[in-house]
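Accompanying notes for the structure given below.
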Amino acid sequence: MDPVTDTVPVTAAVPADWPTNEARARAVQDELRARVVLDEDGPPPGRGLVAGVDVAYDDERDVVVAAAVVLDAATLEVTEQTTAVGRISFPYVPGLLAFRELPAVLAALEALATPPALVVCDGYGLAHPRRFGLAAHLGVLTGLPTLGVAKNPFTFSYEEPGAVRGSVAALVDGSEEVGRAVRTQDRTKPVFVSVGHRVSLDNACAHTLELSPRYRLPETTRRADALCRRALAQVLAPG
DNA sequence: GCGACAG
DNA sequence: ATCTTGTCGC
580 MDPVTDTVPV TAAVPADWPT NEARARAVQD ELRARVVLDE DGPPPGRGLV
630 AGVDVAYDDE RDVVVAAAVV LDAATLEVTE QTTAVGRISF PYVPGLLAFR
680 ELPAVLAALE ALATPPALVV CDGYGLAHPR RFGLAAHLGV LTGLPTLGVA
730 KNPFTFSYEE PGAVRGSVAA LVDGSEEVGR AVRTQDRTKP VFVSVGHRVS
780 LDNACAHTLE LSPRYRLPET TRRADALCRR ALAQVLAPG
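In the working numbering, the protein residues as written are 580 to 818.
Written out as structure tokens, the structure is:
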């Protein structure tokens, strides 16, 4: 089974009342936010199955492809990977990224034979203008522990962490700590980690470091990013 | 009112 | 996210 060619349709995995406009999306966001769990530590880093998810688009042809890649956290070897293809159902609206990305991500996750103990997302969880970003939505919708690793500080601010790998600094919205800037490689720009669902911030940062032994971004996101791009290219190639 | 703004 | 060549470095 080649995950690039054996892809799953997005349709079935999406909740029946999934919003298609901004107003409805904000209402759904509020409903889901009420169900987030923030008082669990989450699975221990360094062992078990961890999934990375990512999405690639072709707005021109109205195609979206999501990838889910499961790694053995102890070895960072891939144990399973899936892709889902569908049509773009929501525009990019800052603060509502979950509604653009998650339908395809849910389909890819649902196609996995073995559910992971943790899902690492591209983007934010609790670090969000309304404290409920992409990773938090995915956690509530799947029930799985989730965390977000973003490449940019979004609207938040942070003090520069120390120069060595493992250094951290608070990511703040005013005086509130919404996440952490984590230096995953020496002298390299930090990544921005926040809690999604059923994971503590300390644990989320520990996982992020464990998953990033060589590059700035976690292996989970690197693998998922590469896979959804390849699958998108494959989908666009014939038609 | 205007700009900024994860991917 | 995506548009896009070569290039510097391990």
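Positions of the beta carbon are idealized from the N, C-alpha and C atoms, including for glycine.
Treat the numbers as computed from the prediction; the structure is a model and nothing was measured.
Listed in chain order, the non-local C-beta contacts of residue 687 below 8 Å within the same chain comprise 587, 632, 645, 646, 647, 661, 662, 663, local neighbours out to five positions each way being set aside. In the assembly as shown, residue 782 is a buried residue. Its beta-carbon has 16 or more other beta-carbons within 10 Å.
A straight-line Cα-Cα distance of about 20 Å links residue 667 and residue 585. Residue state for residue 786 is assigned as helix, using DSSP reduced to three classes. In this structure the stretch 761 to 773 does not lie against the stretch 597 to 611, because fewer than three pairs of beta carbons, one per stretch, are closer than 8 Å. Excluding five sequence positions before and after residue 635, the CB atoms of its chain that fall closer than 6 Å to its own CB belong to 644, 807, 808, 811, given in chain order. Where residue 726 is concerned, the enclosing beta strand (DSSP E) starts and stops at 725 to 729. Positions of the alpha helix (DSSP H) runs, each at least 4 residues long and wholly inside the stretch 641 to 677, cannot be given because no such run exists. In the structure shown, the three-state DSSP call for residue 750 is strand. Rounded to whole angstroms, the separation of the alpha carbons of residue 651 and residue 628 is 5 Å.
In this chain, the alpha helix (DSSP H) harbouring residue 716 covers 713 to 721. The C-alpha of residue 728 lies about 11 Å from the C-alpha of residue 795. In the same chain as residue 616, and ignoring 5 residues on each side of it, the C-beta atoms closer than 7 Å to its own belong to 776, 777, in chain order.
Residue 762 carries a coil assignment under DSSP once its states are collapsed to helix, strand and coil. Just measuring C-alpha positions, the residue of 595, 609, 592, 695 sitting nearest residue 621 is 695. For residue 630, the enclosing beta strand (DSSP E) has its first and last residue at 628 to 637. Under the three-state reduction of DSSP output, residue 701 falls in the strand class. Beta-bridge pairing by DSSP links residue 771 to 729, 760.
For residue 737, the pairing in a beta bridge is given by DSSP as 750.
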